[in-house]
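A.B. asks:
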Amino acid sequence: MRTVWIGIAIGDTTGIGPEVTLKALATAVADNSTRFVLIGNSDHLRDLNRRLGLRLPLLPFRNTQNHGRFFVLDPHPASFPAGLPPGAPIAARAAIECLTVGAQLCLRQELDALVTAPVNKESIIRSGQPFVGQTEYLSQLAGAKHTAMMLLGTDDRGRWLRVVLATTHLPLRQVPRQLTRAKVELAIELAAQACRDLDLGRARIGVCGLNPHAGEGGKMGNEEITVIGPAVRAAQQKRFDAVGPLAADSLFHQAYRGDYDIVVAMYHDQGLAPLKMIAFESGINWTLGLPFVRTSPDHGTAYDIAGQDKASPASMLAAIQLAIRLRRNRPAPAPIQIH
Numbered sequence: 294m295r296t297v298w299i300g301i302a303i304g305d306t307t308g309i310g311p312e313v314t315l316k317a318l319a320t321a322v323a324d325n326s327t328r329f330v331l332i333g334n335s336d337h338l339r340d341l342n343r344r345l346g347l348r349l350p351l352l353p354f355r356n357t358q359n360h361g362r363f364f365v366l367d368p369h370p371a372s373f374p375a376g377l378p379p380g381a382p383i384a385a386r387a388a389i390e391c392l393t394v395g396a397q398l399c400l401r402q403e404l405d406a407l408v409t410a411p412v413n414k415e416s417i418i419r420s421g422q423p424f425v426g427q428t429e430y431l432s433q434l435a436g437a438k439h440t441a442m443m444l445l446g447t448d449d450r451g452r453w454l455r456v457v458l459a460t461t462h463l464p465l466r467q468v469p470r471q472l473t474r475a476k477v478e479l480a481i482e483l484a485a486q487a488c489r490d491l492d493l494g495r496a497r498i499g500v501c502g503l504n505p506h507a508g509e510g511g512k513m514g515n516e517e518i519t520v521i522g523p524a525v526r527a528a529q530q531k532r533f534d535a536v537g538p539l540a541a542d543s544l545f546h547q548a549y550r551g552d553y554d555i556v557v558a559m560y561h562d563q564g565l566a567p568l569k570m571i572a573f574e575s576g577i578n579w580t581l582g583l584p585f586v587r588t589s590p591d592h593g594t595a596y597d598i599a600g601q602d603k604a605s606p607a608s609m610l611a612a613i614q615l616a617i618r619l620r621r622n623r624p625a626p627a628p629i630q631i632h
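First residue of the sequence shown: 294, per this note's numbering; consecutive thereafter.
1. Would you mind stating whether L345 and D602 have Cβ atoms separated by less than 8 Å?
2. With which residues is S589 paired in a DSSP beta bridge?
3. When the cut-off is 8 Å and only beta carbons count, does G421 lie next to chain B?
4. Going by Cα to Cα distance, which pick from L463, P353, H369 is closest to R362?
5. How is the beta strand (DSSP E) around I555 delimited, first residue to last?
6. Starting from R328 and walking both ways along the beta strand (DSSP E), at which residues does that stretch end?
7. Just the C-alpha distance for T447 and G600, rounded to the nearest angstrom, thanks.
8. Do V468 and V557 have their CB atoms nearer than 8 Å?
9. Please classify E312 as buried or exposed, where buried requires at least 16 neighbouring CB atoms within 10 angstroms.
10. Hey, which unbroken runs of the beta strand (DSSP E) at 3 residues or more fall wholly within the stretch 391 to 423?
11. Which of the three DSSP states is assigned to V456 in this structure?
12. Give every residue of the same chain whose Cβ lies closer than 7 Å to the Cβ of T314, excluding the five residues on either side of it in the sequence, and list them in chain order.
13. Helix, strand or coil: how does DSSP classify P311 here?
14. Could you please give the first and the last residue of the uninterrupted alpha helix (DSSP H) stretch that includes F354?
15. For K531, which residues in the same chain have their Cβ closer than 8 Å to its Cβ, ignoring the five residues on either side in sequence?
16. Just tell me which of G514, Q614, D534 has its CA closest to the CA of R495.
17. Measuring CA to CA, which of N622, G582, H592 is closest to E429?
18. Here's the rule I'm using: 16 or more other beta-carbon atoms within 10 Å means buried, otherwise exposed. How should H561 be labelled?
19. Near P350, what residues of its chain come up, given a Cβ to Cβ distance below 7 Å and the 5 sequence neighbours on each side ignored?
20. Threshold first: 3 residues or longer. Then list the beta strand (DSSP E) segments lying entirely within the stretch 495 to 564, N to C.
21. State the start and end residues of the unbroken beta strand (DSSP E) segment that holds T447.
22. Excluding five sequence neighbours on each side, which residues of the same chain lie with their C-beta closer than 7 Å to the C-beta of H506?
23. Pull up the distance between the alpha-carbon of A475 and that of L463, whole angstroms please.
24. Could you tell me whether the Cβ atoms of I299 and I613 are closer together than 8 Å?
25. According to the Cβ coordinates, are G333 and T306 closer than 8 Å?
26. Which term fits H337, buried or exposed, when burial requires 16 or more other beta carbons within 10 angstroms of its beta carbon?
27. Exposed or buried, which one is M442 when buried takes at least 16 other CB atoms within 10 Å?
28. Roughly how many angstroms lie between the CA atoms of N342 and Q422, to the nearest whole one?
29. Since V297 contacts R587 with CB under 8 Å, what's their CB separation in whole angstroms?
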């Protein structure tokens with residue numbers, strides 16, 4: 294079996310990203326053919342590894358000819374000041390640098406996939422870096438114009454919910470203006486491809502309406518008539534198994550019981566609220582449409598519990614496992630030149 298190299302950008306050092314990363318790697322996450330490169334401050338990672346009692350054998354990363362299993366790549370090998378407050382600008386800027394380095398290594402095919410620990414958007418913006426979200430940042434860095442955010446997770450009985458978002462990080466008042474037929478069609482097509490990447494037996498996609506009761510025939514909004522409905526019909530003409538627009542309050546229940554493999558939601562909270570209800574600690578964020586595999590735990594920096602050995606690694610573990618699975622299923626793309 295070919296060795297797979299998984300990069301993990303550890304996110305905001307003052308959050309729980311480094312902790313959940315180390316805890317996840319201390320669990321049996323894969324066979325010995327998988328290697329892990331933690332991208333972040335080496336002093337902090339080694340100190341945290343010691344304080345948590347995990348004893349992971351962290352080695353410096355030079356290239357993929359290294360012998361070992363767990364490596365650290367430090368873009369800026371200098372110690373952070375002691376006692377950094379949550380969201381400190383130096384930590385926020387370092388998180389973006391680690392994200393950038395990880396993506397560049399994937400684009401050059403030096404790493405096979407990238408898992409990204411949480412960052413804090415507010416802290417990054419306060420540090421002077423324009424930022425919308427990791428999905429948007431990575432899409433821009435890779436020059437990928439047709440991407441979508443997918444969230445997936447399972448409850449304690451093994452029932453899955455998978456959600457693709459037609460729009461991502463927008464104020465609610467902007468959603469009707471930003472929602473287009475092209476975006477809905479793209480979300481449906483990427484959802485169908487995701488089903489194939491996951492080796493699901495079918496790709497039945499339920500598409501949400503934007504308005505309550507899917508607009509009630511135009512009485513509660515016309516986006517279902519002018520945007521979503523035409524997108525669904527166009528997808529059906531391309532032989533995608535898509536149904537909608539459907540009332541979101543019923544569709545998620547139907548998907549949860551297995552009628553649909555993926556739900557296409559129109560905006561962030563429409564899709565994430567039900568997903569987090571069933572998989573708050575094990576949900577995964579997967580960016581569809583990138584030229585490399587990128588997954589992430591579906592939680593934030595949790596500044597309030599950082600450094601207290603309270604953070605659950607369940608979502609990070611699930612993100613790592615999905616990255617490995619997808620990378621083994623997906624053929625390697627051609628390398629992208631970084632200028």
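Every residue, glycine too, gets a C-beta built ideally from N, C-alpha and C.
C.D. replies: If we stick to the structure as given:
1. yes
2. N578
3. Judged by its chain identifiers, the structure shown contains no chain B, having just a single protein chain.
4. For the residues L463, P353, H369, the minimum Cα distance to R362 belongs to P353.
5. 555 to 558
6. 327 to 332
7. 27 Å
8. The Cβ-Cβ distance between V468 and V557 does not fall below 8 Å.
9. buried
10. 406 to 409
11. strand
12. If we look at T314 and ignore the five residues flanking it on each side, its Cβ neighbours are I301, I303, L331, A410, M609.
13. helix
14. Segment: none, F354 is in no alpha helix (DSSP H) and carries neither H nor E.
15. E482
16. Of the candidates G514, Q614, D534, the one whose C-alpha sits nearest the C-alpha of R495 is D534.
17. G582
18. Classification for H561: buried.
19. The residues are G361, F363.
20. The stretch 495 to 564 contains these whole beta strand (DSSP E) runs: 498 to 501, 535 to 539, 555 to 558.
21. 441 to 447 is the extent of the beta strand (DSSP E) around T447.
22. M513, A540
23. 17 Å
24. yes
25. yes
26. buried
27. buried
28. 30 Å
29. So it is not a contact: roughly 14 Å between Cβ atoms.
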